[in-house]
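Numbered continuously in the working numbering, the sequence shown closes out at residue 292. We treat Cβ as the ideally placed atom computed from N, Cα and C, and that holds for glycine. Just so it is clear, the structure is predicted and the values come from calculations on it, not from any experiment.
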Amino acid sequence: ATGVMKTVGDAVAGLSDVKSLVPVLDALGARHAQYGVQPEHFAIVGEALLWTLEKAMGELWVGDVKEAWEQTYATIQTVMEPALMRSHERLASESLKASLRGKSAKELVQETWVLVEAKLEAHAVKFFLKIFEIAPPALQLFSFKDEVPLAQSPGMKKHATGVMKTVGDAVAGLSDVKSLVPVLDALGARHAQYGVQPEHFAIVGEALLWTLEKAMGELWVGDVKEAWEQTYATIQTVMEPALMRSHERLASESLKASLRGKSAKELVQETWVLVEAKLEAHAVKFF
Numbered sequence: 006a007t008g009v010m011k012t013v014g015d016a017v018a019g020l021s022d023v024k025s026l027v028p029v030l031d032a033l034g035a036r037h038a039q040y041g042v043q044p045e046h047f048a049i050v051g052e053a054l055l056w057t058l059e060k061a062m063g064e065l066w067v068g069d070v071k072e073a074w075e076q077t078y079a080t081i082q083t084v085m086e087p088a089l090m091r092s093h094e095r096l097a098s099e100s101l102k103a104s105l106r107g108k109s110a111k112e113l114v115q116e117t118w119v120l121v122e123a124k125l126e127a128h129a130v131k132f133f134l135k136i137f138e139i140a141p142p143a144l145q146l147f148s149f150k151d152e153v154p155l156a157q158s159p160g161m162k163k164h165a166t167g168v169m170k171t172v173g174d175a176v177a178g179l180s181d182v183k184s185l186v187p188v189l190d191a192l193g194a195r196h197a198q199y200g201v202q203p204e205h206f207a208i209v210g211e212a213l214l215w216t217l218e219k220a221m222g223e224l225w226v227g228d229v230k231e232a233w234e235q236t237y238a239t240i241q242t243v244m245e246p247a248l249m250r251s252h253e254r255l256a257s258e259s260l261k262a263s264l265r266g267k268s269a270k271e272l273v274q275e276t277w278v279l280v281e282a283k284l285e286a287h288a289v290k291f292f
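Rendered as structure tokens:
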């Protein structure tokens with residue numbers, strides 16, 4: 006306890022040279038991660054320290070003095086807490102990296118997904134902003150297209166987080182691929198009614214892999230990167246054909262409804278579009 010109070014004293018003295026004090030506090034915050042200190046402990050320590058100072062200072066603990074100490078502790082916390090959190094993330098990454106050696110692609114994907122889940126909404130927002138950066142017209146497909154600023158849009162946050170949760174469900178589903186395939190098939194088919202097109206898979210894939218890279222940092226190399234690329238490619242091979250079949254079904258239903266009461270000429274001309282849509286394939290079948 007005396008050692009900790011001496012450190013507080015060093016910080017107090019360091020207020021005369023804040024520029025030199027900041028890296029000292031940063032290193033101090035980072036070091037405490039290995040002792041199991043968590044961000045929520047700062048409020049506890051702050052309350053206890055300020056109570057101790059009040060008892061030490063008696064009637065002086067009012068007005069400007071009290072406010073000066075409260076502001077000083079708050080400032081110290083704004084330096085130490087982020088350093089502590091970064092250190093926790095680094096230690097967790099190092100531990101995870103060591104545990105991934107020799108794992109299968111499925112295991113690599115499932116075990117690195119925890120890094121995304123830890124800050125799911127933040128990564129979800131990055132993911133969707135990246136989609137709109139790659140393909141700005143894609144924003145028009147969504148109900149939140151007019152909400153500004155987009156990064157703070159409640160609609161986008163909710164939708165993006167929901168999509169990320171679905172990715173998480175797919176990751177968990179890798180343990181039972183037989184059951185996962187019909188789920189992905191239905192998901193692909195459902196997206197036809199939202200105006201999603203086959204070419205959107207490449208855009209979403211690029212944005213998702215970019216987001217994963219940002220979430221995983223130095224882990225995004227070698228087998229981990231390859232495992233995620235393969236996983237997305239596999240998901241796409243199930244969802245994209247389902248999307249295309251659904252588009253064809255919706256187009257056929259729409260055309261069928263539009264043909265009612267038409268003349269023979271109109272029926273022939275308007276149904277020919279079904280042949281034209283895949284002209285070469287039908288030509289080969291014909292010959």
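Review point. Quick one, which of R250, Q274, W233 and G266 has its alpha-carbon nearest L113's?
Key: Numbered from 1 along the sequence shown, position 108 holds the residue referred to as residue 113. Of the listed residues, the one whose Cα sits closest to L113 is W233.
Exercise for review: Output the distance between the C-alpha atoms of Y237 and G210, rounded to the nearest integer angstrom.
Suggested key: For the purposes of this step, residue 237 is taken as the residue at position 232 of the sequence shown. For the purposes of this step, residue 210 is taken as the residue at position 205 of the sequence shown. Spanning the two alpha carbons is a distance of roughly 7 Å.
Exercise for review: Could you name the residues of the same chain whose beta carbon sits closer than 8 Å to that of S184, not counting the 5 residues immediately before and after it, in chain order?
Suggested key: As a working note, residue 184 is residue 179 in the sequence shown. Only G178 meet the Cβ criterion.
Review point. Can you tell me whether T57 is buried or exposed, with buried defined as 16 or more other CB within 10 angstroms of its CB?
Key: Translated into positions along the sequence shown, residue 57 becomes position 52. Note on T57: under 16 other CB atoms within 10 angstroms of its CB, so exposed under the neighbour-count rule.
Exercise for review: Assuming L156 and L134 form a contact by the criterion Cβ under 8 Å, report the distance between their Cβ atoms to the nearest whole angstrom.
Suggested key: Here residue 156 is taken as the residue at index 151 of the sequence shown, counted from 1. Here residue 134 is taken as the residue at index 129 of the sequence shown, counted from 1. In the sequence as presented, Leu is not what sits at residue 156; that position holds Ala. At roughly 6 Å, the Cβ-Cβ gap stays under 8 Å, so A156 and L134 are in contact.
Review point. Below 9 Å between beta carbons: does that hold for L26 and M85?
Key: For the purposes of this step, residue 26 is identified with residue 21 of the sequence shown, where counting begins at 1. For the purposes of this step, residue 85 is identified with residue 80 of the sequence shown, where counting begins at 1. Between L26 and M85, the C-beta spacing is not below 9 Å.
Practice item. Flag this pair as touching only if the segment 57-72 and the segment 123-132 have three or more C-beta atom pairs under 8 Å; answer yes or no. Key: No: fewer than three Cβ pairs fall under 8 Å.
Review point. If you run the structure through DSSP and keep just helix, strand and coil, what is D22?
Key: The residue you call residue 22 lines up with position 17 of the sequence shown. Helix at D22.
Exercise for review: Write down every uninterrupted run of the alpha helix (DSSP H) in the segment 173-231 whose length is 4 residues or greater and which is fully enclosed by it, in chain order.
Suggested key: 182-195 and 205-221, all fully within the segment 173-231.
Practice item. Between the Cα of T12 and those of A175, I240, V23 and V29, spot the shortest distance and give me the residue it belongs to. Key: Along the sequence shown, read from residue 1 onward, the residue named residue 12 stands at position 7. Here the closest residue by C-alpha is V29.
Review point. W56 lies in the alpha helix (DSSP H); which residues open and close that run?
Key: For this step, residue 56 is matched to residue 51 along the sequence shown. Per DSSP, W56 belongs to the alpha helix (DSSP H) from H46 to M62.
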